[in-house]
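One structure below.
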Amino acid sequence: MSYYDKVYEVTLTIPPGRVSTYGAIADYLALGSARMVGYALNKCHRFEEPIPAHRVVNRNGELTGRNMFASPTRMQELLESENIEVKNNRVVDFKTLFWHPQDM
DNA sequence: CCAATGACGACTT
DNA sequence: GAAGTCGCCATTG
Numbered sequence: 064m065s066y067y068d069k070v071y072e073v074t075l076t077i078p079p080g081r082v083s084t085y086g087a088i089a090d091y092l093a094l095g096s097a098r099m100v101g102y103a104l105n106k107c108h109r110f111e112e113p114i115p116a117h118r119v120v121n122r123n124g125e126l127t128g129r130n131m132f133a134s135p136t137r138m139q140e141l142l143e144s145e146n147i148e149v150k151n152n153r154v155v156d157f158k159t160l161f162w163h164p165q166d167m
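Spelled out as structure tokens, the structure:
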């Protein structure tokens with residue numbers, strides 16, 4: 064068990080078609096900080112379970128972590144696959160699609 | 001145990 | 001208001 068597990072748990076709670084932020088997850092866990100969340104998702108490969116990390120973006124709605132995916136375009140593809148429009152590495156209408164773990 | 005790192009965020013020029 | 005600086009804090013080497 065580690066801080067990662069909590070991050071993965073919350074990340075898996077994000078409903079399809081919605082996105083969340085590192086800060087929101089960190090705030091929900093009331094532990095660490097936004098960096099820890101991103102750092103945790105970077106090591107998500109340790110789980111064979113598909114972690115919807117593409118639904119987690121920074122507070123600007125930018126796909127900052129797209130570079131860490133198998134392909135830089137993989138993240139955008141997955142988001143568009145869920146009816147989430149992405150423009151210039153940024154989630155369109157991110158403010159509306161934003162979802163906070165507490166709002167489940 | 002000490003130092004470096006990092007998918008970020010808030011604050012300061 | 002855009003760009004730069006500093007703090008965050010668990011994990012890894």
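Counting from 64, one number per residue, gives the positions in the first sequence under the working numbering. For each residue, glycine too, the CB sits at the ideal point set by N, CA and C. This one's a predicted model, so the numbers in the text were calculated from it and none came from an experiment.
{"Query": "Start and end residues, alpha helix (DSSP H) containing R98", "Result": "A97 to N105"}
{"Query": "Alpha carbon of K69 to alpha carbon of N151, nearest angstrom", "Result": "30 Å"}
{"Query": "Spatial distance of D166 from D90 (CA atoms)", "Result": "13 Å"}
{"Query": "Per-residue burial, G124 [other beta carbons within 10 Å of its own, 16 or more giving buried]", "Result": "buried"}
{"Query": "Beta-carbon proximity check, G80 vs E145, cutoff 9 Å", "Result": "yes"}
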